[in-house]
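Residue numbers (this note's numbering), protein chains in the order written: chain A, 220 to 529; chain B, 220 to 529. Working notes for the structure below.
There are 2 protein chains.
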Amino acid sequence: MEIVNRLLKGDKISLARAISRVENGEGAPILEALFPYSGQAYHIGITGPPGAGKSTLVDKLTAKFVEEGKRVGIIAVDPTSPFSGGALLGDRVRMSALTGKEGVFIRSMASRGSLGGIARATKDVALVLDAYGMDYIIIETVGVGQVELDIAQLCDTTIVVLVPESGDSIQAMKAGLLEIADIIVVNKADREGADRMVTELKFTYELRSEKGKWKYPILQTVATRGEGIELLGITIGSHRDYAEGSGSLKDKRKERIRVRITELIEEKIRERLRRQVFKKGELEEAIERIYRKELNPFRIADEIVRQVIN
Amino acid sequence: MEIVNRLLKGDKISLARAISRVENGEGAPILEALFPYSGQAYHIGITGPPGAGKSTLVDKLTAKFVEEGKRVGIIAVDPTSPFSGGALLGDRVRMSALTGKEGVFIRSMASRGSLGGIARATKDVALVLDAYGMDYIIIETVGVGQVELDIAQLCDTTIVVLVPESGDSIQAMKAGLLEIADIIVVNKADREGADRMVTELKFTYELRSEKGKWKYPILQTVATRGEGIELLGITIGSHRDYAEGSGSLKDKRKERIRVRITELIEEKIRERLRRQVFKKGELEEAIERIYRKELNPFRIADEIVRQVIN
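Put into structure tokens, the structure is as follows:
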């Protein structure tokens with residue numbers, strides 16, 4: 220494909236177009252063609268509650284990687300509602316400071332549509348950026364819901380960003396954030412309560428530590444002033460070394476392949492169902508009869524599955 | 220089934236147990252057995268941004284229905300993160316004032332787990348309450364994400380609750396809330412800006428009105444003092460009359476059947492895949508080879524689908 224060839228040669232416009240197609244759900248041939256070129260990029264997830272300063276952190280971290288001569292793709296996912304603060308436009312404006320930079324590509328993904336869809340689209344966009352030749356792909360998610368957990372599954376290193384606020388460490392624990400964290404960053408560490416928060420978070424080790432497993436380092440940063448970013452970069456490197464050495468990176472990446480295959484299969488089956496079963500009008504008749512309580516949808520579903528599957 | 224028989228005879232303990240089983244994903248036989256008894260309850264959805272006073276509104280509306288001798292099931296869905304305000308415990312405590320009442324059953328559903336799962340579980344719990352003999356099922360959702368849109372699809376009348384706050388009507392529009400609204404309630408209408416908000420919302424008619432379609436009435440309430448609840452009840456009745464008369468209620472309910480069948484089929488196919496394909500070890504080998512870039516997951520998915528489907 221022309222678009223794939225150009226993208227692989229480093230053409231940014233083709234990259235942007237390919238990503239748009241993938242986002243619109245028309246990317247299957249592109250993804251298939253690009254797959255063999257993927258697998259090189261290191262995926263970093265950055266998540267945490269709104270207002271933790273994640274975007275600034277991503278900004279500074281990216282600048283650091285760029286200084287080291289690395290290429291960085293950023294996917295900013297914001298599935299939160301407009302009511303929750305409307306960080307969308309703010310992010311886009313701020314991030315444009317990086318957009319011009321050589322070797323940086325930023326994509327904001329926001330959708331009030333399907334949440335499952337956005338996690339899926341994020342994975343696909345990440346594959347495109349990976350094949351394009353990015354050294355790092357940073358995926359920033361706002362919030363702490365299912366999308367974040369799904370996206371964490373895609374990342375080689377997941378950084379959970381918190382701010383010193385009373386009770387936040389407990390909340391992060393309850394939300395399952397500490398279970399996905401490879402590194403914890405207490406940002407805005409010049410605020411009161413930062414040290415206490417670190418102490419609290421260290422206490423949570425006792426609740427989850429298993430022998431021989433990676434213990435998340437807890438770093439303090441003041442992202443707006445760039446403080447702690449250097450150490451964060453080094454710590455990401457340490458986690459990467461650990462993950463490669465222990466085999467956990469390989470396991471994670473295999474697990475991702477498993478998830479992708481499962482998703483692809485389910486998608487294809489859904490498509491088959493639409494073509495084979497749902498277009499014949501049989502379904503319409505069944506619905507009418509179910510509505511009149513003559514049939515039970517549970518039995519009908521069984522029958523249809525028996526028809527379609529070997 | 221014993222549990223089903225007892226539930227149908229009005230036993231509340233069996234109802235609670237059946238709901239628990241359904242929530243835990245073990246409810247398939249119960250749902251199948253109850254389906255023929257469902258279809259009588261009128262489903263009311265109440266949604267809107269956090270802090271709009273939805274719970275109080277649900278409370279008062281329920282009390283009104285109970286006074287009229289009706290039976291009411293309430294499902295309070297809170298898929299929001301602990302970071303977003305933690306309304307959970309508050310709701311539970313407050314709602315216990317109603318719990319004791321004859322003819323009222325309340326279920327709080329909160330999960331940091333799958334969002335798709337919570338919408339699905341809500342539908343299933345609603346089916347159980349419906350078969351149990353509830354006249355009204357009120358489904359309260361916090362937030363404005365995909366879950367709310369999915370749940371609106373389940374409801375016969377959807378009420379969107381807003382509060383007079385600058386910009387909130389625009390946000391509601393952007394979030395797609397006005398598209399699912401059958402009735403809009405401006406709650407806390409004793410606050411400044413309530414009239415202006417109503418004017419703004421009326422303006423949105425111009426943006427969406429189609430001839431012959433229901434135009435959402437815009438009501439003002441002060442739920443804490445019970446003001447406007449009587450009129451809200453009457454308006455729900457009007458919308459119901461309209462929906463029944465115009466055939467839109469029938470269409471909606473048929474659409475729900477379609478969605479349910481589709482979900483059931485997909486579930487069953489997933490289960491088959493797990494048993495037939497994924498247990499043979501073939502998948503493990505494929506994953507290993509994909510990891511080594513010897514195979515392409517897109518092709519493998521195709522092959523598996525061809526194996527399984529007729």
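All C-beta atoms in this analysis are idealised placements derived from N, C-alpha and C, irrespective of residue type, glycine included.
Under the three-state DSSP convention, the category residue i falls into
i: A:Met353; result: coil
i: B:Met328; result: strand
i: B:Glu321; result: coil
i: A:Ala295; result: strand
i: B:Thr377; result: strand
i: A:Thr341; result: helix
i: B:Tyr261; result: strand
i: B:Val382; result: coil
i: A:Gly267; result: strand
i: A:Glu513; result: coil
i: B:Arg360; result: The displayed chain sequence assigns Thr, not Arg, to residue 360 of chain B. Three-state result, B:Thr360: strand.
i: B:Glu446; result: strand
i: B:Ser300; result: With a pLDDT of 46 at B:Ser300, under the threshold of 50, the modelled position of this residue cannot be trusted; read the value that follows with caution. Looking at B:Ser300 - three-state DSSP - the assignment turns out to be coil, as it is neither helix nor strand.
Contacts of residue i in chain B (Cβ-Cβ under 7 Å)
i: A:Arg472; result: Tyr510
i: A:Gly258; result: Lys512
i: A:Pro484; result: The question names Pro, yet the displayed sequence has Ile at residue 484 of chain A. Neighbours of A:Ile484 on chain B, chain order: Leu492, Ala520, Ile523 and Val524.
Residue i vs residue j beta-carbon contact at 7 Å
i: A:Gln439; j: A:Gly447; result: yes
i: B:Asp349; j: B:Lys289; result: no
i: A:Ser233; j: A:Arg240; result: no
i: B:Ile263; j: B:Val344; result: no
i: A:Ile402; j: A:Leu420; result: no
i: B:Val175; j: B:Ile389; result: With chain B covering only 220 through 529, there is no way to say anything about residue 175 of chain B.
i: B:Leu381; j: B:Val347; result: no
i: B:Phe254; j: B:Gly292; result: no
i: A:Ala338; j: A:Asp369; result: yes
i: A:Val441; j: A:Gly267; result: no
i: B:Val361; j: B:Gly322; result: no
i: A:Ala520; j: B:Leu483; result: yes
i: A:Ala295; j: A:Glu367; result: no
i: A:Lys320; j: A:Gly452; result: no
i: A:Val277; j: A:Ile357; result: yes
i: B:Ile523; j: A:Pro516; result: no
Within-7 Å CB hit, residue i to chain A
i: B:Lys515; result: Checking the displayed sequence, the identity of residue 515 of chain B turns out to be Asn instead of Lys. It does: the Cβ of B:Asn515 has a partner Cβ on chain A nearer than 7 Å.
i: B:Ile476; result: yes
i: B:Val417; result: no
i: B:Phe302; result: Because B:Phe302 sits at a pLDDT of 43, beneath the cut-off of 50, its placement in the model cannot be relied upon, and the point is left open.
i: B:Asp310; result: Because B:Asp310 carries a pLDDT of 44, less than 50, the predicted location of this residue cannot be relied on, and the following value inherits that uncertainty. No, its Cβ sits nowhere closer than 7 Å to a Cβ of chain A.
Amino acids of chain B, ordered along the chain, whose beta-carbon sits closer than 8 Å to that of residue i
i: A:Lys487; result: Ala520, Asp521 and Val524
CB contact check: residue i to chain B, cutoff 7 Å
i: A:Leu307; result: Its pLDDT being 41, under 50, A:Leu307 is placed unreliably in this model, and the coordinates cannot settle the point.
i: A:Val527; result: yes
i: A:Glu251; result: yes
i: A:Pro383; result: no
i: A:Pro255; result: yes
Contact list for residue i against chain B, beta-carbon separation under 9 Å
i: A:Ile506; result: Lys473, Glu474, Ile476, Arg477 and Ile480
Interface flag, residue i vs chain D, CB-CB below 7 Å
i: B:Leu373; result: No chain D appears in the structure shown, which is made up of the protein chains A and B.
Alpha helix (DSSP H) runs contained entirely in the segment 388-428 of chain B, provided each spans 4 or more residues | Entirely contained in the segment 388-428 of chain B, the alpha helix (DSSP H) runs reaching 4 residues are, in chain order, 396-399 and 413-427.
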